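Below is one structure, written out as C-alpha cells, with a few remarks after it.
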Amino acid sequence: MVPLEKIQFLAESGRLAHLLLDLQSSRAALRYFFNIAGAITDRDNQGVDISSLCEARVEAVKFAAQYLSEKPQLLWLGEELRVEVLDSDRRLLFTFIALGVDAPAENGRLRF
1 MVPLEKIQFL AESGRLAHLL LDLQSSRAAL RYFFNIAGAI TDRDNQGVDI SSLCEARVEA
61 VKFAAQYLSE KPQLLWLGEE LRVEVLDSDR RLLFTFIALG VDAPAENGRL RF
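Read left to right, the sequence shown gives residues 1 to 112 (the UniProt record's numbering).
Here's what the structure looks like:
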C-alpha cells in the first residue's frame with residue numbers, strides 16, 4: 001500500500017506515472033542489469049532482482065557511487081560516467097549520469 005502523502009507528492013511533482021509503473025512492476029521481482037558506460041565500459045552479465053523501477057533507480061545511484069568510490073579518477077577522464085539500466089529483455093530503461101566539470105576560473109583567473 002502506498003501512503004497517501006507519497007501519492008500527493010508524486011502527483012504535485014508530476015511523477016505519478018513513476019508510481020503507477022512501480023505498482024505494475026512490484027508484483028514480482030524483475031531482473032535489472034546495470035551497465036557502466038562512458039569513459040569506461042563494463043557490461044553487467046548477471047543482473048539483480050529488484051521489485052520495482054523506483055528501487056532500480058535508487059540502486060543505479062548507489063552503484064555509481066560505489067564504482068566512483070573505488071575509482072574516482074574515472075570521472076575526470078573527459079567523459080561522463082553513465083550507469084545504463086536495462087530490463088530482463090536488455091531494453092534500456094534509463095541512464096544515470098555522473099559528470100565532473102571544471103570551472104572556467106582557476107586561482108581567481110579565467111582560463112581559455
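Note that the Cβ used here is the ideal one computed from N, Cα and C, for glycine as well.
Since we're looking at a predicted model, the values are computed, not measured.
Asked: Does R57 get closer than 8 angstroms to chain B when you measure Cβ to Cβ?; Found: Annotation note: the requested chain B is absent from the structure, which comprises a single protein chain.
Asked: Would a C-beta distance cut-off of 8 angstroms place Y32 and V101 closer than the cut-off?; Found: no
Asked: Taking R82 as part of the alpha helix (DSSP H), name the residues at either end of that continuous run.; Found: Note, R82: premise wrong, no alpha helix (DSSP H); beta strand (DSSP E) at 81-86.
Asked: Does the Cβ-Cβ distance between F96 and A64 come in under 8 angstroms?; Found: yes
Asked: Counting only runs of 4+ residues fully inside the stretch 35-82, write out the alpha helix (DSSP H) ranges in chain order.; Found: 53-70
Asked: I need the boundaries of the beta strand (DSSP E) containing L92, first residue and last residue.; Found: 92-98
Asked: Going by beta-carbon coordinates alone, are G38 and E80 separated by less than 8 angstroms?; Found: yes
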